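Chemist: Could you have a look at this structure, given as structure tokens, before my questions?
Numbering (this note's numbering), first residue to last: 38 to 146.
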């Protein structure tokens with residue numbers, strides 16, 4: 038569609054963020070000027086696959102899933118409202134743990 042901001046505000050936005058580059062036909066722009074909205078799009082034939090390619094020619098994943106080889110050990114720590122209990126579970130039954138790669142506050146490093 039078109040930018041319906043007041044002219045002075047539109048110029049201020051363009052000065053701050055840069056000019057808007059419009060792709061599309063002049064027909065859709067004219068429609069937007071006339072009725073306040075215009076739209077164009079390119080459709081893909083439904084028989085063509087539209088999902089991104091996951092594997093290369095060798096069969097390897099283009100974006101491999103992250104893995105954590107082996108076991109990960111952690112220390113059980115009390116929750117924020119643990120009240121000094123040995124093990125505290127929240128209302129969902131989750132127990133707070135701290136992994137070796139986290140500092141004492143539980144933030145990752």
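Think of the CB as a built atom: it goes at the ideal place given N, C-alpha and C, for glycine as much as any other residue. Owing to the predicted nature of the structure, the values given are computational and were not obtained by experimental measurement.
(1) Taking Cβ positions, are residue 114 and residue 135 nearer each other than 7 Å?
(2) Would you identify the three-state DSSP class for residue 113, choosing helix, strand or coil?
(3) Please state if the CB of residue 77 and the CB of residue 65 are separated by a distance shorter than 7 Å.
(4) With respect to the beta strand (DSSP E) encompassing residue 134, which residues constitute its N-terminal and C-terminal limits?
(5) If residue 73 sits next to residue 100, beta carbons under 8 Å apart, how far is it from one beta carbon to the other, in whole angstroms?
Modeler: Straight from the coordinates:
(1) Walking along the chain shown from the start, residue 114 turns up at place 77. Walking along the chain shown from the start, residue 135 turns up at place 98. Contact annotation: residue 114 and residue 135 have beta-carbon atoms nearer than 7 Å.
(2) Position 76 of the chain shown, counting from 1, holds the residue named residue 113. It is a strand residue.
(3) Taking the chain shown and counting its residues from 1, one reaches residue 65 at position 28. Taking the chain shown and counting its residues from 1, one reaches residue 77 at position 40. A contact, by the Cβ cut-off of 7 Å.
(4) In the chain shown, counting from the first residue as 1, residue 134 sits at position 97. Counting along the chain, residue 134 sits inside the beta strand (DSSP E) bounded by residues 134-136.
(5) Within the chain shown, the letter at position 36 stands for residue 73. Within the chain shown, the letter at position 63 stands for residue 100. About 41 Å; that fails the 8 Å criterion.
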